[in-house]
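Protein chains in written order, with the working numbering: chain E, 1 to 242; chain B, 243 to 380.
Don't be surprised by glycine CBs; every beta carbon is placed ideally from N, CA and C.
One structure is given below, encoded as structure tokens.
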């Protein structure tokens with residue numbers, strides 16, 4: 001199953017390696033992909049430290065420009081020394097301490113990869129710590145990316161009806177608290193043979209989702225054997241009593 | 243997804259983990275959960291003494307379809323076992339035969355379930371109880 005839309009390598013570690021290349025075009029493209037992937041988690045962390053929406057967005061932009069680009073954060077990333085998101089999180093913390101000490105506003109005129117601010121989360125929970133906010137947002141980004149990829153792969157492979165069943169029976173009920181659409185309705189809407197067929201179509205996409213999730217997490221670790229550990233780490237963070 | 247809770251994200255990740263650990267049984271469990279959202283697995287659904295005949299018929303039909311359309315041979319084997327288990331559950335819990343299969347065919351399916359060490363123990367015991375009932379009736 002092809003889950004990416006270009007021939008470019010999309011593992012996080014290969015993106016990080018590309019971001020340190022001498023070729024400015026390659027490095028710039030890789031940086032932009034990295035920023036798109038991680039900005040929401042960085043923003044969520046900063047937001048939970050008490051900054052308002054605009055200040056958090058400015059600081060996120062500042063972190064990208066000052067730390068990721070100017071100070072070349074990717075040069076310090078080493079897969080042997082741990083996860084990239086751990087390095088990113090500790091860098092954000094240091095950056096906030098620094099900016100607090102300097103106590104000066106960042107200029108918004110700095111050039112850098114554009115942040116997709118139109119996708120800003122509208123709300124963050126008031127009870128979570130900044131670290132929890134980072135983990136929550138990173139997990140949400142991961143799941144959103146995987147769902148987008150799986151939907152695209154279903155469309156490409158002629159499984160639009162399969163995706164529709166999965167969306168109405170699994171995605172919407174699980175993530176948006178919607179009532180699952182009745183099988184009978186889906187059978188009629190999608191012109192299927194019967195309800196058991198619809199149920200089994202759901203399983204097909206659910207498996208694609210699981211494979212794509214493992215593949216996506218695999219992009220963030222250096223060794224495929226660490227995928228399960230990384231998934232368990234995310235689950236521990238999400239399920240930690242609060 | 244800004245309103246999604248941590249629990250919901252966790253549920254999504256866990257469901258992917260379950261399906262990855264044991265694809266065939268996890269698929270069967272999902273089909274059971276899809277029939278009755280209060281049940282998390284095929285074992286829970288089929289060993290519930292209060293399971294409705296309607297839900298057993300639905301389970302029988304989805305496992306029958308999975309037996310044919312399953313992606314792997316393990317899928318199809320697990321589905322065949324669960325197909326027999328749903329019929330057995332009808333006999334044991336509701337005293338009702340929800341299949342038109344002959345006694346001989348039904349016994350073969352239940353014996354295969356009972357002998358399959360890869361299947362959950364409660365379902366194998368259900369097969370054993372069903373066979374006793376069938377023998378008592380014949």
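At a Cβ-Cβ threshold of 8 Å, residue 56 of chain E and residue 43 of chain E count as neighbours. The C-beta of residue 174 of chain E comes closer than 8 Å to at least one C-beta of chain B. Counting only the Cα atoms, residue 365 of chain B lies some 41 Å from residue 137 of chain E. Within chain B, the residues 307 have their CB atoms less than 7 Å from the CB of residue 197 of chain E, given in chain order.
One Cα belongs to residue 227 of chain E, the other to residue 234 of chain E, and the distance between them is close to 11 Å. As for any alpha helix (DSSP H) of minimum length 4 sitting wholly inside the segment 120-185 of chain E, the runs are 130-156, 160-166 and 172-176, ordered along the chain. The C-beta of residue 232 of chain E has fewer than 16 other C-beta atoms within 10 Å across all chains shown, which makes the residue exposed.
Any Cβ of chain E closer than 8 Å to the Cβ of residue 261 of chain B would place that residue at the interface, and such an atom is present. By the criterion of a C-beta distance shorter than 6 Å, residue 352 of chain B is surrounded in its chain by 326, 330, 369, 372 and 373, once the five residues flanking it on both sides are discounted. Shortest Cα-Cα distance from residue 301 of chain B to any of B:376, B:247, B:281 and B:261 involves B:281.
In this structure, residue 252 of chain B lies near residue 239 of chain E, with their beta-carbon atoms less than 8 Å apart. Residues of chain B with a Cβ closer than 7 Å to the Cβ of residue 210 of chain E are, in chain order, 258, 261 and 262. The criterion of a C-beta distance shorter than 8 Å is satisfied by residue 74 of chain E and residue 16 of chain E. Against chain B, the beta carbon of residue 139 of chain E has neighbours under 9 Å at 248, 251, 252, 254 and 255, listed in chain order.
Residue 21 of chain E sits in coil when the DSSP states are folded into three classes, being neither helix nor strand.
For residue 91 of chain E, the closest alpha carbon among the candidates E:41, E:51 and E:53 is that of E:41. Within the model, the alpha-carbon separation for residue 332 of chain B versus residue 287 of chain B is close to 12 Å. The alpha-carbon separation between residue 72 of chain E and residue 315 of chain B amounts to approximately 51 Å. When Cβ-Cβ separations below 8 Å define contact, residue 169 of chain E makes contact with chain B.
Around the beta carbon of residue 294 of chain B, a 10 Å sphere encloses fewer than 16 other beta carbons of the protein chains shown; the residue is thus reported as exposed. If the five residues before and after residue 133 of chain E are omitted, its C-beta is found closer than 7 Å to the C-beta atoms of 44, 45, 47, 48 and 124, all from its own chain and listed in chain order. Nearest in C-alpha terms to residue 376 of chain B, of all of B:359, B:346, B:261 and B:258, is B:346. Against chain B, the beta carbon of residue 239 of chain E has neighbours under 7 Å at 252, listed in chain order.
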